[in-house]
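To start, the structure itself, in structure tokens.
There are 2 protein chains.
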Amino acid sequence: MPDFAQVRRTSVSAAVFDQIAAQILDGRLAAGATLPPERVLTEEFGVNRQALREALQRLDQLGLVEIRHGGATRVRDYRRSAGLDVLPRLFLRQDGTIDVDIVRSVLEMRTAIGADAAALSAARMPAPLLDELHELVAGLAAVDGDDVARLASIDGHFWDLVVDGSGNVCYRLSLNALRRAYQSVEPIVDRLMLDERRDVAGHGAMISAIAAGDAAAARDAAFQLLSQGNAAMLRHFHDPEENL
Amino acid sequence: MPDFAQVRRTSVSAAVFDQIAAQILDGRLAAGATLPPERVLTEEFGVNRQALREALQRLDQLGLVEIRHGGATRVRDYRRSAGLDVLPRLFLRQDGTIDVDIVRSVLEMRTAIGADAAALSAARMPAPLLDELHELVAGLAAVDGDDVARLASIDGHFWDLVVDGSGNVCYRLSLNALRRAYQSVEPIVDRLMLDERRDVAGHGAMISAIAAGDAAAARDAAFQLLSQGNAAMLRHFHDPEENL
DNA sequence: ACGCAAGAGTGGTCTGACCACTTGACCAAG
DNA sequence: CTTGGTCAAGTGGTCAGACCACTCTTGCGT
């Protein structure tokens, strides 16, 4: 079995972006500090000004720096200015360790969003999506219990439909961001989430409540379902921060 | 009385970014479509390639397009790839109208997040922050009931402390994104949120529950408090989408 | 002490060239 | 017919150097 690792193709501007972002997120570049002028950074990184500027533009878009024409580029306080898009870089630090606080935060948020989306979809879920959900759960029961990839796919699709059915765009966008947060450690997550994802009864109870239009029951079922994975994740990441 | 509008000094790359982003978010540029080559876009926009590229890099960072070295730049399905950072542009459409569905989504999410943050902070809130909260509510009672700016400031600070005290980074980052969503219509929001923000009893009940470590009560109090603004906002934006 | 003009320093834009990668057409060997 | 390789055209990526637009500080003049 080959099992090769994917070759990483990194552009110059992306490399610059990564370096600066990492320094801001781990505090080496403090909020309020001014970045050196572009022409100086150009020399330090050994890259062209255009490549450097593309990196800075991305950092600005992310809320990590503030660029002002004529003035200096300053480091912003990402806790006040950034969005969920920085999560992946907070989750997995540059030295390869995992931040437990971020793990907990992500789990709490997915629970709150997931539960509320389930409750909302009890009132709004369109019939076609509901049919798809039933098929998914039926398919879930037929999956080999150890096929982590297939379980991840079905469970992912399951929540996509629930969130879509909730009609809440914010939840839809948040889900994208949260997933990306632990994408870098997908293999571990796939293993830890195994029990939650193959819980046919749990998934079934949830869509039953949604189909019945019982918002409270749907919220409860979602909470129960998600709590399984939360417990498994926290148990694993609690003490050793560097488990990979 | 002058009442002039603020001059918008927009850079070239920002203007290009705005145009493309708007076309993607309102569907004129469909997901999966390929953008013209950079050299062609350069001519159509009448700008330099560097400026154009900076705009494209930002769009990629936002999850609106996918740039591939050697291949064409494609429009992505922002519902699957973007984060909460696109909310401001979904909230206020380019023609100046407001999307009611987005308003509702934002309100639902702020409620879910706010209530959960309150519940979490009941267990985690550090003493210093709690003291600050008490001072804030005391100050709230002393504010002139029509000073919308001051009320907005105090209420904003109030929730900052609650979310900080919850110790959940995701909620902190989400709050940033949600606020930015309706920042463009701040005056209206300030007026509609008036009753919620000057509800001294509601704020007081919430921090009392937090101080007592009663998570369930804190969640309830937060929910009650936030529901006031939700009702006012939905009442106002329900039918006429273009109210300004 | 104050106001303001000038200069230095910063980010913003432009030009034109070349490099690196992807794609598809075409061809040769199996 | 399939497979693999070659090649050329088209795409994004990077580079160089110059100039424009804005901000901030300095120091002069009042």
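Protein sequences appear in the order of chains G and P. With this note's numbering as the guide, the letters of the first sequence map in order to residues 1 to 244. With this note's numbering as the guide, the letters of the second sequence map in order to residues 1001 to 1244. Ideal Cβ placement from N, Cα and C applies to all residues, glycine included.
Which word fits residue 4(G), buried or exposed, when buried means at least 16 other C-beta atoms lie within 10 angstroms of its C-beta? With fewer than 16 Cβ atoms within 10 Å of its Cβ, residue 4(G) is classed as exposed.
Check each residue of the segment 1165-1177 of chain P: if its Cβ is closer than 8 Å to any Cβ of chain G, include it; give the result in chain order. Of all residues in the segment 1165-1177 of chain P, 1167, 1168, 1169, 1170, 1171, 1172, 1173, 1174, 1176 and 1177 have a Cβ within less than 8 Å of some Cβ in chain G.
I want to verify the contact list: residues of chain G whose CB lies under 7 Å from the CB of residue 1050(P), in sequence order. What residue 1050(P) touches in chain G: 50.
Scan the segment 1078-1095 of chain P for residues whose Cβ lies nearer than 9 Å to a Cβ of chain G and list them as they occur along the chain. Going along the segment 1078-1095 of chain P in chain order, one finds 1078, 1079, 1080, 1081, 1082, 1083, 1084, 1085, 1086, 1087 and 1090 with a Cβ nearer than 9 Å to chain G.
Excluding five sequence neighbours on each side, which residues of the same chain lie with their C-beta closer than 7 Å to the C-beta of residue 1174(P)? These residues qualify, in order along the chain: 1084 and 1113.
Would you mind working out which of 1172(P), 1152(P), 1225(P) and 1221(P) sits nearest residue 86(G), comparing C-alpha positions? 1172(P) is the residue among 1172(P), 1152(P), 1225(P) and 1221(P) whose C-alpha sits nearest the C-alpha of residue 86(G).
DSSP three-state label for residue 1067(P), please. Here residue 1067(P) sits in coil by DSSP.
Every unbroken alpha helix (DSSP H) inside the segment 7-67 of chain G [4 residues or more]: DSSP assignment within the segment 7-67 of chain G yields the following whole alpha helix (DSSP H) runs of 4 residues or more, N-terminal first: 12-25, 38-45 and 49-62.
At the level of alpha carbons, what is the spacing between residue 216(G) and residue 181(G)? Answer to the nearest angstrom: the Cα atoms are 29 Å apart.
Please check the pair residue 111(G) and residue 17(G), which I expect to be a contact at CB under 8 Å, by giving their CB distance rounded to whole angstroms. Not a contact, Cβ separation roughly 32 Å.
Short Cβ contact (9 Å threshold) for residue 1232(P) with residue 1192(P): Yes, they are a contact pair.
The alpha helix (DSSP H) that contains residue 1181(P), what's its start and end? Following the DSSP letters along the chain, one finds residue 1181(P) inside the alpha helix (DSSP H) bounded by residues 1169-1181.
Determine the direct distance from the alpha carbon of residue 1035(P) to that of residue 1162(P), and round the result to whole angstroms. Straight-line Cα distance between these residues: approximately 44 Å.
Is the Cβ of residue 1063(P) closer than 9 Å to any Cβ of chain G? Answer yes: the Cβ-Cβ gap between residue 1063(P) and chain G drops below 9 Å somewhere.
By the 10 Å Cβ neighbour count, where 16 or more other Cβ atoms means buried, how is residue 101(G) classified, buried or exposed? Its Cβ having fewer than 16 others within 10 Å, residue 101(G) is exposed.
Tell me, please, whether the segment 57-77 of chain G touches the segment 22-42 of chain G by the rule of three or more beta-carbon pairs shorter than 8 Å. These segments touch.
Hey, residue 234(G) and residue 107(G): beta-carbon distance below 9 Å or not? In this structure, residue 234(G) sits near residue 107(G), with a CB-CB distance shorter than 9 Å.
Output, in chain order, the set of chain G residues within a Cβ distance shorter than 9 Å of residue 1020(P). Chain G residues near residue 1020(P): none, gap ~13 Å exceeds 9 Å.
Test: residue 1054(P) CB closer than 9 Å to a CB of chain G: For residue 1054(P), the nearest CB of chain G lies under 9 Å from its own CB, placing it at the interface with that chain.
Take every Cβ of the segment 42-57 of chain G, pair it with every Cβ of the segment 6-23 of chain G, and state whether three or more of those distances are shorter than 8 Å. Counting Cβ pairs under 8 Å, three or more are found: they touch.
Quick one: residues in its chain with C-beta nearer than 6 Å to the C-beta of residue 195(G), no 5 flanking neighbours on either side, listed in chain order? If you ignore the 5 residues before and after residue 195(G), its C-beta comes within less than 6 Å of the C-beta of 228, all in its own chain and listed in chain order.
Name the two residues that bound the continuous alpha helix (DSSP H) containing residue 106(G). That run of the alpha helix (DSSP H) goes 100-124.
Residue 1099(P) to residue 1105(P), Cα distance in whole Å? Distance from the CA of residue 1099(P) to the CA of residue 1105(P), rounded to the nearest whole angstrom, comes to 10 Å.
Taking 9 Å as the threshold (C-beta atoms), are residue 218(G) and residue 121(G) in contact? Yes. Within cutoff.
Between the CA atoms of residue 1069(P) and residue 1165(P) - distance to the nearest angstrom: So the alpha carbons of these two residues sit roughly 44 Å apart.
Using C-beta distances below 7 Å, list every residue in its chain close to residue 157(G), excluding the 5 sequence neighbours before and after it, in chain order. Closer than 7 Å at Cβ, skipping near neighbours: 136.
Report the CB separation of residue 226(G) from residue 203(G) in whole angstroms; it is logged as a contact under 8 Å. The Cβ separation is near 11 Å, so there is no contact.
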